[in-house]
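Student:
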Amino acid sequence: MAAKGDRGRCDQIASALTRRVEQCEYCGTHVPFGELHTSHYVSRTISWTRTHLPNLVSACPSCHFKVGSRPDIHYRWFVYLRGEEVEREIHQRTLWTDKFKWAEERERLEQLAVAALSEPLSPQAEVGVRRVIRKRSLNR
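Its first residue numbered 1, the sequence shown is counted upward by one per residue in my numbering.
Next up, the structure:
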């Protein structure tokens, strides 16, 4: 079930930002924007890491299934991609107890999405990023 409100918007924007590379970060295969998955290293249930971009990996459906069903493989691949320091930092975030402010996170991610439009993007990725920005202006 999709999240609603600011949390749902944060999910959409973080996913678009992650998938804009149009490549599976695990196997390197080119995958169109709309077919890529957003894989979370630490579960989406933890607010402090749910939309934290270093916690998110663009994955083809096959790799997403493989790492999702094998935590040992997921850990090794994640450390290979992001490094041990990032992995430790993400786990530190799981211990934070302050209330997570979804409205502030939405604003931060929206700014990143606008900045992403200055990067070279495929037409499909550009449409995906523009779509989440357009929703921002419609929801205000």
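Yeah, the Cβ is synthetic: ideal placement off N, Cα and C, and Gly gets one too.
Run through the stretch 48–73 for me and flag every whole alpha helix (DSSP H) of 4 or more residues, listed as ranges in chain order.
Tutor: Complete alpha helix (DSSP H) runs here, min 4: 61–69.
Student: Have a look at the DSSP bridge pairing and note the partners of His40.
Tutor: The partner list for His40 (beta bridge, DSSP) reads Leu56.
Student: Give a yes or no on whether the C-beta atoms belonging to Thr147 and Ser58 are separated by under 8 angstroms.
Tutor: Because the chain in this structure spans residues 1 to 140, residue 147 falls outside the shown range and cannot be described.
Student: Taking the alpha-carbon positions, what's the Arg82 to Leu121 distance?
Tutor: Cα to Cα, Arg82 sits roughly 22 angstroms from Leu121.
Student: Quick one: any contact between the stretch 12–31 and the stretch 52–68, if contact means 3 or more CB pairs under 8 angstroms?
Tutor: Yes: at least three Cβ pairs fall under 8 angstroms.
Student: Taking 8 angstroms as the limit between beta carbons, can you name the residues of its chain near Leu138, skipping five residues before and five after?
Tutor: Caution is warranted here: a pLDDT of 48 is assigned to Leu138, below 50, making its placement in the model unreliable, and no coordinate value can be reported.
Student: Smallest Cα separation from Arg106: which of Val127, Val132, Ser62 and Tyr26?
Tutor: Checked all of Val127, Val132, Ser62 and Tyr26; the closest Cα to Arg106 is Val132.
Student: Inspect the beta-carbon positions of Gly68 and Gln124 and report whether they are closer than 8 angstroms.
Tutor: No, the Cβ-Cβ distance between Gly68 and Gln124 is not below 8 angstroms.
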